[in-house]
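J.: Before I ask anything, let me first share the structure, which is written out below as structure tokens.
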Amino acid sequence: DIQMTQSPSSLSASVGDRVTITCRASQSISNFLNWYQQEPGKAPKILIYGASSLQSGVPSRFSGSGSGTDFTLTISSLQPEDFATYFCQQCYSNAGFGGGTKVEIK
Amino acid sequence: QITLKESGPTLVKPTETLTLTCTFSGFSLNTFGVGVGWIRQPPGGALEWLTLIYWDDDKRYSPSLQSRLTITKDTSKHQVVLTMTNMDPVDTATYYCAHRHKFLTGNMNYFDSWGQGTLVTVSS
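Encoded structure:
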């Protein structure tokens, strides 16, 4: 069973800030890592798949990197609509999610 | 356009069995590579993957919940059914079903469409 650990669990940032969220897998998952955004009261939405591929329609300020066990989601310039919770998910063996990172307004 | 919708009881008692139905449109569960998963989220908590069923009726379960879960599909009705036995108050959560997209080559996959979720409360 692959465990996914996200950090930080929450962060405060201002509009225009660069934000980085990390995700670590308990074993190598190659690039089988996805990122989702969840707004309050809504279902998650896919942002990035395969560690670094941007889903169609997702703004280019979102980017992902990493392989093996360590991954990063970066928002280059935080916008008001980006205040949400972000989850990583491994798709290497079945599925499993990280604990989430809540991005709050500073 | 892919849509999914969860249905079932909003309140169950401890020790009872929960049955949730996911009714979908816009895809067929007979198509190679397609899967439907169930994911839950306790209030204010993280997403937890529960189970997946694939086009070929292969089924996968979360190791920690495997003994309590059953997933089935009815392709003619465009439905996937989740059964969870011996419900406990800690199982109180919003339950989502989601379409698993898989590329034609390789094994890359992700949940690209989700239902709105249904909140299930476990209480006597």
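These protein sequence lines are chains F and L, in that order.
Position 21 (the first sequence) corresponds to 26 in the numbering used here; numbering is contiguous.
Position 119 (the second sequence) corresponds to 1337 in the numbering used here; numbering is contiguous.
Beta carbons are placed, not taken as given, at the ideal position from N, Cα and C, and that holds for glycine.
This one's a predicted model, so the numbers in the text were calculated from it and none came from an experiment.
(1) The beta strand (DSSP E) spanning Val-1299/L covers which residue range?
(2) Have a look at Val-1254/L and Ser-1243/L and give me their C-alpha separation to the nearest angstrom.
(3) Quick one: what's got a C-beta closer than 6 Å to Ile-1220/L's C-beta in the same chain, skipping five residues either side?
(4) Count the other C-beta atoms from every protein chain shown that fall within 10 angstroms of the C-beta of Glu-1224/L, then say buried if there are 16 or more, exposed otherwise.
(5) Looking at the C-beta of Met-1305/L, does it have a partner C-beta in chain F at a distance below 8 Å?
(6) Leu-78/F to Gly-1263/L, Cα distance in whole Å?
(7) Would you please verify whether the beta carbon of Arg-1258/L is less than 8 Å from any beta carbon of chain F?
(8) Pick helix, strand or coil for Ser-68/F, following the three-state DSSP scheme.
(9) Just the Cα atoms here: how many angstroms apart are Val-1298/L and Tyr-1272/L?
(10) Quick one: is Leu-1222/L buried, meaning 16 or more other Cβ sit within 10 Å of its Cβ, or exposed?
(11) Can you say whether Pro-13/F is buried or exposed, counting buried as having 16 or more other CB atoms within 10 angstroms of its CB?
(12) Going by beta-carbon coordinates alone, are Ala-112/F and Leu-83/F separated by less than 8 Å?
(13) Give me the Cβ distance between Thr-106/F and Leu-38/F, rounded to the nearest whole Å; I'm assuming they're in contact under 8 Å.
(14) By a C-beta neighbour count over all protein chains shown, 10 Å radius and 16 as the cutoff for buried, is Gly-1335/L buried or exposed?
(15) Can you pull out the residues from the region 43 to 56 of chain F whose beta carbon lies closer than 7 Å to at least one beta carbon of chain L?
(16) Please name the residues in the region 1259 to 1274 of chain L whose beta-carbon is closer than 7 Å to at least one beta-carbon of chain F, in chain order.
(17) Taking buried to mean at least 16 other C-beta atoms within 10 Å of its own C-beta, is Ser-1342/L buried or exposed?
(18) Checking contacts by CB at 8 Å: is Gly-1255/L closer than that to chain F?
(19) Just checking my contact of Ser-1338/L with Tyr-1314/L at CB under 8 Å: how many whole Å lie between their CB atoms?
(20) Beta strand (DSSP E) containing Thr-1228/L: first to last residue?
(21) Please classify Glu-86/F: does DSSP put it in a helix, a strand, or coil?
(22) Please tell me whether Val-108/F and Asp-87/F are closer than 8 Å, where the distance is taken between their beta carbons.
(23) Give the DSSP-derived three-state secondary structure of Asp-1309/L in the structure shown.
(24) For Gln-94/F, which three-state DSSP category applies?
T.: Working from what's here:
(1) The count along the second sequence starts at 1 and reaches residue 1299/L at position 81. 1297 to 1302 is the extent of the beta strand (DSSP E) around Val-1299/L.
(2) Residue numbering aside, residue 1254/L sits at position 36 when the second sequence is read from its first letter. Residue numbering aside, residue 1243/L sits at position 25 when the second sequence is read from its first letter. Rounded to the nearest angstrom, the two C-alpha atoms are 12 Å apart.
(3) Here the question's residue 1220/L lines up with position 2 in the second sequence. Counting only Cβ-Cβ distances below 6 Å, and skipping sequence neighbours, we find Gly-1244, Phe-1245, His-1317, Ser-1331.
(4) By 1-based counting over the second sequence, the position of residue 1224/L is 6. By the 10 Å Cβ count, Glu-1224/L comes out buried.
(5) Position 87 of the second sequence, counted from the start, is the residue given in the question as residue 1305/L. No Cβ of chain F is located within less than 8 Å of the beta carbon of Met-1305/L.
(6) Indexing the first sequence from 1 puts residue 78/F at position 73. Indexing the second sequence from 1 puts residue 1263/L at position 45. If you take the alpha carbons of Leu-78/F and Gly-1263/L, they lie about 20 Å apart.
(7) One-based indexing of the second sequence puts residue 1258/L at position 40. Not one chain F Cβ lies under 8 Å of Arg-1258/L.
(8) On the first sequence, residue 68/F is found 63 positions in, with the first residue counted as 1. Of the three classes helix, strand and coil, the one that applies to Ser-68/F here is strand, per DSSP.
(9) Taking the second sequence and counting its residues from 1, the one referred to as residue 1298/L is at position 80. Taking the second sequence and counting its residues from 1, the one referred to as residue 1272/L is at position 54. Separation of Val-1298/L and Tyr-1272/L (C-alpha to C-alpha, rounded to the nearest whole angstrom) is 10 Å.
(10) Translated into the one-based positions of the second sequence, residue 1222/L becomes position 4. Counting Cβ neighbours within 10 Å, Leu-1222/L comes out buried, since at least 16 surround it.
(11) Reading the first sequence from its first residue, position 8 is the one you call residue 13/F. Flag for Pro-13/F reads exposed.
(12) Since the first residue of chain F shown is 6 and the last is 111, residue 112/F is not available in this structure.
(13) For this step, residue 106/F is matched to residue 101 along the first sequence. For this step, residue 38/F is matched to residue 33 along the first sequence. Taking a contact as a CB-CB distance under 8 Å, the pair Thr-106/F and Leu-38/F does not count as one, their CB atoms being some 14 Å apart.
(14) Here the question's residue 1335/L lines up with position 117 in the second sequence. Burial call: buried.
(15) Correct list: Ala-48, Pro-49, Ile-51, Tyr-54, Gly-55.
(16) Within the region 1259 to 1274 of chain L, the residues whose Cβ lies closer than 7 Å to some Cβ of chain F are Ala-1264, Leu-1265, Glu-1266, Trp-1267, Leu-1270, listed in chain order.
(17) Looking up residue 1342/L in the second sequence gives position 124. Classification for Ser-1342/L: exposed.
(18) Taking the first residue of the second sequence as position 1, residue 1255/L is located at position 37. With 8 Å as the cut-off, Gly-1255/L counts as an interface residue toward chain F.
(19) For the purposes of this step, residue 1338/L is taken as residue 120 along the second sequence, with counting starting at 1. For the purposes of this step, residue 1314/L is taken as residue 96 along the second sequence, with counting starting at 1. A small correction: the amino acid at residue 1338/L is Val; Ser does not occupy that position in the sequence shown. About 11 Å separates the two Cβ atoms, so there is no contact after all.
(20) Walking along the second sequence from the start, residue 1228/L turns up at place 10. Unbroken run through Thr-1228/L: none, as it is neither H nor E.
(21) Locating residue 86/F in the first sequence gives position 81, where the first residue counts as 1. Three-state result, Glu-86/F: helix.
(22) What you label residue 108/F is simply residue 103 of the first sequence in a count that begins at 1. What you label residue 87/F is simply residue 82 of the first sequence in a count that begins at 1. With respect to the 8 Å criterion, Val-108/F and Asp-87/F are classified as neighbours on the basis of their beta carbons.
(23) Taking the first residue of the second sequence as 1, we reach residue 1309/L at position 91. Residue state, collapsed to three classes: helix.
(24) As a working mapping, residue 94/F is identified with position 89 in the first sequence. Three-state result, Gln-94/F: strand.
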